[in-house]
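Visitor: Numbering (full-length UniProt numbering), first residue to last: 1 to 1053.
Backbone N, C-alpha and C fix where the C-beta goes; we use that ideal spot for every residue, glycine too.
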């Protein structure tokens, strides 16, 4: 039995070997503590005195923080903390703005509110959070299981030194916070603080935030201690002291000692067995299979997560990321690849840790071991030694599974490489081989790192672990596997701390990429699921049932999806008109931009006035584009099609009256309009020789990585907020998608002009003129109609610069259509309006709005709360809105009077509708062979939903266009060339394929026949005199009363 004895005691010997890294880290922390002892000692004294009040310190800090957040919310994105952050990020210096607040009577209230914010921060919040962090960190440097276990002296020294270093860092961070606040107060009072540049302020903010984050991380390493602290504080409020944490901690230490004594007794019995140890026969196939099966039963939760990883990596969205890694050059690919490989390693480490812990806490499928019966336990251990050795390797095998899955995914993707890359196959092949070799090499490095730690895992410890209750089991795990516990809890807490705040989470998600985001989320779920399983002690403590009930209960009160509103331009007054009265009919009730929008008639009149000439009688083309939904595929197809039309047909943009977009098509339309607005000075009415003038900027925006922040917000922020009992607007998972798009839109590579750059973050409506600004405006941008839907009523909701009103007139083309701005009576940021029409099911939630809806009555109809969801729920093509708009234009006027004489000359107006579907009807049937009873309803709904656009396309082209008197054509994306994704990332090669196809289709349409719609548009625009460069005096005026019925528009040829 000598071999058995050495194997059993190998762990104890390894634990006492010198650990170079740990010793060096402890030495560094200890020397730092000695040098700063005069500062640290008062903090330790304060922490000891206030240790019993640590929970009350935390509650007080949270209350003060809520007051501070309330004050900041009154200033919106212009609160002092946000202004300081913008300046630190090389934004504008806010001194001029703050002095304007101070010296302008109407704005002085904002200055006073900003001063109140700073006073609350300086004199209440800083002392509160410093006291909270010091008391909690000080308590855990002396009373946690990591520092009070006498059998782990090196771990005790390390965690104590780390806690004291964190306390010192907290004091340094507080000093930096005070300095930053003095600078901000100096801005308010115009003190001479100009020497504090953006770089210095950015460094100060880093010095402030890093120690605070580290202190929070250190505290959250003790989940059991936090729970027991809150329980202790709660019962102390009622004078009950028998729930104090200290006796519980001593009891846990006693349990650890008892378990150690039982293990020692079993080891003594093993030594007493026969010598030498008999040679045990090798495992038969049956015993080998049974052992593997029992190991799977122990760690099946981890196996399911790995299968989920494999399934996720097969999605189309990950194919696009793979193509991007293959094709892109430069630093971005290097960093995304590096972080993806590191995240695979972190996921592998977490899989190893979670599997090991599950082997400890799961039931023992080899029969119940009784550590308090040493003889029986020793005999069982001896008989089951081959099985236990095999079981011991299960965590090591599973830990390498992420690398195997990634390599297998790359191999499966190889078959699609040639079809995408075309002539670049050789370069792509080299990049592919390099990527595959990088994954394999990373797996080998991971094995080299993990192998020494795996040697210390003793199967005897797993077999003799006897689950008792959650707290005692956790204490034993801290004793038996402290490095695993620290790694698991440390990575879980660090991941949440990075991805919950916007200031770190959004840029981190875009930097590391979707592969890393998913791997880190799975790592967090693996460890969190392990903890939940451990504490789910049935029937005494059904944690899973409690969590499900809390999520159901909190979901009634924690809706944080309110849409972001712009800062109002004037006072708002409560609406008191009847529900079915349009908000436009009560303009005196509100002076915001939402109620200053021109109606369709006034806007159309001005649009015609700037485009009609008296020296020609050729029909005036009025173009309306409808673009269908389909995620990033629709957005990319829309921008490429509009850019190609603009490049191929002179004056196309000038005669593009409006764009109706749904879901991803609406995002593409909004991207195109914003880019057009930012490049207006460079636009001419001549055929475009520099075809890249709009193509390149919109491609830069549309190929931005939007999926990584969207996924991070859904997985981390959405999951955490589900457990919040109150509304936390900062955790709204919809905002990161909007913010990521805006970051791309405002980047230097897009090169927007300064006016557009300032307007987009603040307003959707300011891109277009209000009613007062309409006269004389050239209306260079097309109107934008973004189609959403109201979840509560099923009505279509439109976000547009035109005042449609919420009319109850059944003869109005927009009957029963909700005008969002007329309903909420407020403007919204451009990014918010852009993505309100693209709220994908489950990925993002609906945007909550409050206001009247057409045909909705009731006692509280003026304050109806509804959620704007993806427009594809109501109608996924955008055609119906486009037809409704054309019908409205036809009602306004079919002819106008022009000419210098009194003789009326009728000039015809001709309407064109261009449809941009991004999908084609499948020409081969799919298969429903697996789980048909589940797949049939889902696939049937989705396929028929997509197929409806084919029938609607044919209905418009062959029937309604003649009856409604407009010409119609469509540009359809050929999805057979590439399987374009529906998510929020598309690779540049895929977009280039779209561009190549649409430009070829447009060229064919222009040269095919004179009867083609595109050829008709080009002919009319060529024969008409384009007025982009004309001075205002050359433009003719349209009478206020338009002569309807003096001519008929030309029907489709």
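(1) Check residue 903 in the structure and name its three-state DSSP category.
(2) Quick one: what's got a C-beta closer than 6 Å to residue 1015's C-beta in the same chain, skipping five residues either side?
(3) Quick one: any contact between the stretch 827 to 847 and the stretch 753 to 767, if contact means 3 or more CB pairs under 8 Å?
(4) Just tell me which of 180, 865 and 750 has its CA closest to the CA of residue 118.
(5) Run the CB neighbour count on residue 587, radius 10 Å, all protein chains shown included, and call it buried at 16 or more, exposed below.
(6) Excluding sequence positions up to five away, which residues of its chain have a Cβ less than 7 Å from the Cβ of residue 983?
(7) Let me check understanding here. Comparing Cα to Cα, which of 877, 248, 313 and 847 lies closest to residue 626?
(8) When you compare only the Cα positions, how much space is there between residue 230 and residue 842?
(9) At which residues does the alpha helix (DSSP H) containing residue 511 begin and terminate?
(10) State yes or no: is the C-beta of residue 723 nearer than 6 Å to some heavy atom of the ligand PLP?
(11) Is it true that the stretch 717 to 730 meets the stretch 643 to 651, where meeting means three or more beta-carbon pairs spaced less than 8 Å apart?
(12) Kindly indicate which residue of 351, 475, 336 and 388 has the alpha-carbon position closest to the one of residue 251.
(13) Can you tell which of 464, 337, 485 and 850 has the C-alpha that lies nearest to the C-alpha of residue 437?
(14) Indicate the three-state DSSP secondary structure (helix, strand or coil) for residue 881 in the structure shown.
(15) List the DSSP bridge partners of residue 467.
(16) Does DSSP put residue 790 in a helix, in a strand, or in coil?
(17) Could you check how far apart the C-beta atoms of residue 668 and residue 638 are, in whole angstroms? I think they sit under 8 Å.
(18) Just confirm the distance between the C-beta atoms of residue 800 and residue 779, as a whole number of angstroms; I'd bet it's less than 8 Å.
(19) Assuming residue 487 and residue 446 are in contact, meaning their beta carbons sit under 8 Å apart, how far apart are those beta carbons, in whole angstroms?
(20) So residue 221 and residue 489 are in contact, right, with Cβ under 8 Å, and what is the actual spacing, rounded?
(21) I need the DSSP call for residue 2, collapsed to helix, strand or coil.
(22) What residue does the alpha helix (DSSP H) around residue 198 start on, and which one ends it?
(23) Alpha carbon to alpha carbon, how far is residue 247 from residue 148? Give it in angstroms, no decimals.
(24) Is it buried or exposed, residue 723, if we count other Cβ atoms within 10 angstroms and call 16 or more buried?
(25) Three or more C-beta pairs under 8 Å: does that hold for the stretch 848 to 855 against the stretch 546 to 563?
(26) Does DSSP put residue 562 in a helix, in a strand, or in coil?
(27) At the level of alpha carbons, what is the spacing between residue 978 and residue 919?
(28) Would you mind working out which of 505, 172, 663 and 673 sits nearest residue 657, comparing C-alpha positions?
(29) For the candidate residues 359, 407 and 48, whose alpha-carbon lies nearest to that of residue 433?
(30) Looking only at C-alpha atoms, which of 698, 729 and 727 sits nearest to residue 741?
(31) By a C-beta neighbour count over all protein chains shown, 10 Å radius and 16 as the cutoff for buried, is residue 79 buried or exposed?
(32) Straight-line CA distance for residue 874 to residue 798?
(33) Residues in the same chain with beta-carbon distance under 8 Å from residue 130, minus the five sequence neighbours each way, listed in chain order, please.
(34) Just verifying my parser: in three-state terms, what is the DSSP assignment at residue 800?
(35) Buried or exposed: residue 881, going by 16 or more other Cβ atoms within 10 Å of its Cβ?
(36) Candidates 776, 556, 529 and 281: which alpha carbon is nearest residue 602's?
Guide: From the atom records:
(1) With a pLDDT of 39 at residue 903, under the threshold of 50, the predicted position of this residue should be treated as unreliable, though the coordinate-derived value follows. Collapsing the DSSP output to three states places residue 903 in coil.
(2) 1006, listed in sequence order.
(3) Because the criterion of three Cβ pairs below 8 Å is met, the stretch 827 to 847 and the stretch 753 to 767 touch.
(4) Nearest C-alpha to residue 118: 180.
(5) Legend: pLDDT at residue 587 = 35, less than 50; position of this residue unreliable, no value from coordinates given.
(6) Once the five neighbours on either side are set aside, the close Cβ partners of residue 983 are 317, 631, 632 and 707.
(7) Taking only the C-alpha atoms, the option nearest residue 626 is 877.
(8) Approximately 34 Å, taken between the alpha carbons.
(9) Annotation: the continuous alpha helix (DSSP H) that includes residue 511 extends over 502 to 535.
(10) Annotation note on the ligand PLP: not contained in the displayed structure, which lists no ligands.
(11) Three or more beta-carbon pairs separated by less than 8 Å are not found between the stretch 717 to 730 and the stretch 643 to 651, which leaves the two stretches without contact.
(12) Of the candidates 351, 475, 336 and 388, the one whose C-alpha sits nearest the C-alpha of residue 251 is 475.
(13) When only C-alpha atoms are compared, the closest one is 337.
(14) Helix.
(15) BP columns for residue 467 are empty, so no partner.
(16) Three-state DSSP puts residue 790 in a strand.
(17) Yes, they are in contact, since the Cβ atoms of residue 668 and residue 638 sit about 3 Å apart, within 8 Å.
(18) The C-beta distance from residue 800 to residue 779 rounds to 14 Å, too long to fall under 8 Å, and the pair is not in contact.
(19) Not confirmed; about 14 Å, so no contact.
(20) The pair is a contact, with the Cβ atoms about 5 Å apart (cut-off 8 Å).
(21) Summary for residue 2: the model assigns pLDDT 37, below 50, so the residue's position carries little reliability; its value from the coordinates is reported in the next sentence. Under the three-state reduction of DSSP, residue 2 is assigned to helix.
(22) Residues 198 to 219.
(23) So the alpha carbons of these two residues sit roughly 13 Å apart.
(24) Per the 10 Å Cβ criterion, exposed.
(25) Judged by pairs of C-beta atoms under 8 Å, the stretch 848 to 855 touches the stretch 546 to 563, as three or more such pairs exist.
(26) The answer is strand: DSSP assigns residue 562 an E or B state.
(27) Looking at the two C-alpha atoms, the distance is approximately 11 Å.
(28) For the options 505, 172, 663 and 673, the alpha carbon positioned closest to that of residue 657 is the one of 673.
(29) The shortest Cα separation from residue 433 among 359, 407 and 48 belongs to 407.
(30) Closest by alpha carbon: 698.
(31) With 16 or more Cβ atoms within 10 Å of its Cβ, residue 79 is classed as buried.
(32) The alpha-carbon atoms of residue 874 and residue 798 are separated by roughly 11 Å.
(33) Excluding residues within five positions, the ones whose Cβ falls inside 8 Å are 170, 171 and 174.
(34) Looking at residue 800 - three-state DSSP - the assignment turns out to be strand.
(35) Classification of residue 881: buried, given that the 10 Å Cβ count is 16 or more.
(36) Of 776, 556, 529 and 281, the residue nearest in Cα terms is 776.
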